[in-house]
Amino acid sequence: MTQPTVEADIAILGAGIVGAACAYHLTRRGLKVALVDRAMPTAGTSGACDGYVSISSKKPGLVMAMAAESKRLYPEVVADIGRDVDYRPCGGLLIVEDPASLDELEERAAGVRSYGFDMDYLDRPGMLALEPNLAPDLHGAFRCPGEAIVSPYLMTLGQVARAVDRGAATLWEADPTGFEMAGDRIVAVDTTRGRVRAEQFVFAAGVWSAALGAMVGLDLPVIPRRGELVVTARAPGIATHYLMSANYLLAKADPDAVARSTDPLVRLGHGFCMEVNAQGQCIIGSTRAFVGFDRSTTPDGVAAIVHEAVRRLPALAGVAMLRAFGGLRPYVPDKLPIIGRSGRIANLLVATGHEGDGICLSVVTGEMIADLATGRSPRLDIAALTPDRFPPLDRQAQAVAAA
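With UniProt numbering, the residue at position 290 of the sequence shown is 290, and numbering never jumps.
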């Protein structure tokens, strides 16, 4: 039986939290949207991560500026969604274990403050007054009271639902099989569930972006980077802030240093972070590893997460660990997301490569894509994020695209 063709002003390929945010903002501007996913919303990265909406964990510069704008937008978007997404301001503590890192962390804090968010150092007594369950031998912490958490799952589904409220069409389990091109423009995408024709297209496919880009001759070197997390039973009162160790930032920012380290925990890409979700469970992470599309957990990774969490929060020793899971982060070698209009394909916009920052940055990314699609200038200069900044696909990205 012939499958019908979906017609839209703009088609979004990828329905994780970034694609959902694009659909939300584009329908808010009055565009007719088709939202397409090879599986279902939250089947990928957005359904296998924690939900930190944070500026203090971002590198100073453009990504931190994006986080500041996204954090200002989040409450407005959550209110407009009109559904419970477990969004909750909680504050964040960046735990200091090595006093030698204080100067570098103070520079980060100065960056955070420059965007209008508080971030100040607490010595050990001040830290323990806020979080008495933390280990008493920790040096101190930087507190950023404006941080928040959200359910990535509910936030993604909420934005999809709000886009559908405003007329968006959805096409699930629709794996792209090819594109019809006319010169430097995409006319339509063929999928396993039918054809979608549109005036503009958005690639928001996360870890599958390299393969999608290769189908239209575009180099999008997005590489999956696995992270493992552990979920506990309910632990009332164990912590009120989102907790993150400073070594988490090292694991996130410098994979080469991780690979060179002789410390087995560092080599696992381990960095402690923990949120307490709306059900009172602790979600504890995390590891980082390049293992292709393998989402499975590892005994060494889970053991490192549990050991290091209990070391920093001894009260966790009495809390049951219920399960572990793995997710794939869309990593880009230059450590910047890919956001903008392609100069090679005239009607293509790209929104991908946020690695572990997508939950926070999704809201402002969706707004930026809506700005570009409607001829407006985004609130930040995102020239550095252009999809055209890459040379031909390197060997690792070629392997991903061919997988």
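Glycine included, each C-beta is placed from N, C-alpha and C at the ideal position.
Pair within 8 Å by beta-carbon distance, Asp-84 and Leu-130
no
Distance check for Ala-15 and Pro-4, CA to CA, integer angstroms please.
Put simply, the backbone Cα of Pro-4 is about 21 Å away from that of Ala-15.
Nearest to Asp-137 (by Cα), restricted to the options Arg-108, Gly-146, Glu-97 and Pro-391
Glu-97
Arg-312 and Phe-272 closer than 8 Å at C-beta:
yes
Would you kindly report the start and end of the unbroken alpha helix (DSSP H) that includes Thr-27?
17-28
Runs of 4 residues minimum, wholly inside the region 40-99: which ones carry the alpha helix (DSSP H) assignment?
Runs of the alpha helix (DSSP H) inside the region 40-99: 62-81.
Residue of Gly-213, Val-207 and Val-78 minimising C-alpha distance to Leu-349:
Gly-213
Just reading off the alpha helix (DSSP H) that Thr-365 is part of, what are its end residues?
358-373
Entirely within the region 173-230 and at least 4 residues each: give me those alpha helix (DSSP H) ranges in chain order.
Fully enclosed alpha helix (DSSP H) runs of 4 or longer: 209-215.
Can you tell me which of Val-363, Leu-171 and Pro-387 puts its alpha carbon nearest to the alpha carbon of Tyr-24?
Val-363
Should Val-291 be labelled buried (16 or more other beta-carbon atoms within 10 Å of its own) or exposed?
exposed
So, under 8 Å CB-CB, Phe-142 and Ser-56 are touching, yes? Tell me the CB distance rounded to an integer number of Å.
7 Å
Pick helix, strand or coil for Thr-386, following the three-state DSSP scheme.
Three-state DSSP puts Thr-386 in coil, outside helix and strand.
Contact belief for Leu-31 with Ile-12 at Cβ below 8 Å, rounded distance in angstroms:
Not really, about 10 Å apart at Cβ, beyond 8 Å.
DSSP puts Met-321 in a beta bridge; with which residues?
Answer by DSSP bridge pairing, in chain order: Thr-232.
Return the CA-CA distance between Ile-305 and Gly-217, expressed in angstroms with no decimal places.
40 Å
So what's Met-244 in DSSP terms, helix, strand or just coil?
strand
Burial state of Met-1 (16 or more Cβ within 10 Å)
Confidence is the limiting factor: at Met-1 the pLDDT is only 48, short of 50, which leaves the residue's position unreliable, though a coordinate-based value still follows. Per the 10 Å Cβ criterion, exposed.
Provide the residue span of the beta strand (DSSP E) that contains Leu-171, from first to last.
169-171
Span separating the alpha-carbon of Leu-93 from that of Ile-284:
CA-to-CA, the gap between Leu-93 and Ile-284 works out to about 14 Å.
Could you check what DSSP says for Leu-31 in three-state terms: helix, strand or coil?
coil
How would you write the range of the beta strand (DSSP E) that Gln-281 sits in, first residue to last?
Its beta strand (DSSP E) spans residues 281-285.
Could you spell out the range, first to last residue, of the alpha helix (DSSP H) harbouring Asp-165?
In this chain, the alpha helix (DSSP H) harbouring Asp-165 covers 152-165.
Check the C-beta distance from Val-150 over to Val-53 and give it rounded, since I have them as a contact under 8 Å.
6 Å
Would you give the residue range spanned by the alpha helix (DSSP H) that Val-112 belongs to?
Taken as a continuous stretch (DSSP letters only), the alpha helix (DSSP H) holding Val-112 covers 102-114.
What is the DSSP secondary structure of Val-36, counted as helix, strand or coil?
In the three-state reduction of the DSSP assignment, Val-36 falls in the strand class, which pools E and B.
How would you call Asp-37, buried or exposed, if buried means at least 16 neighbouring beta carbons within 10 angstroms?
buried
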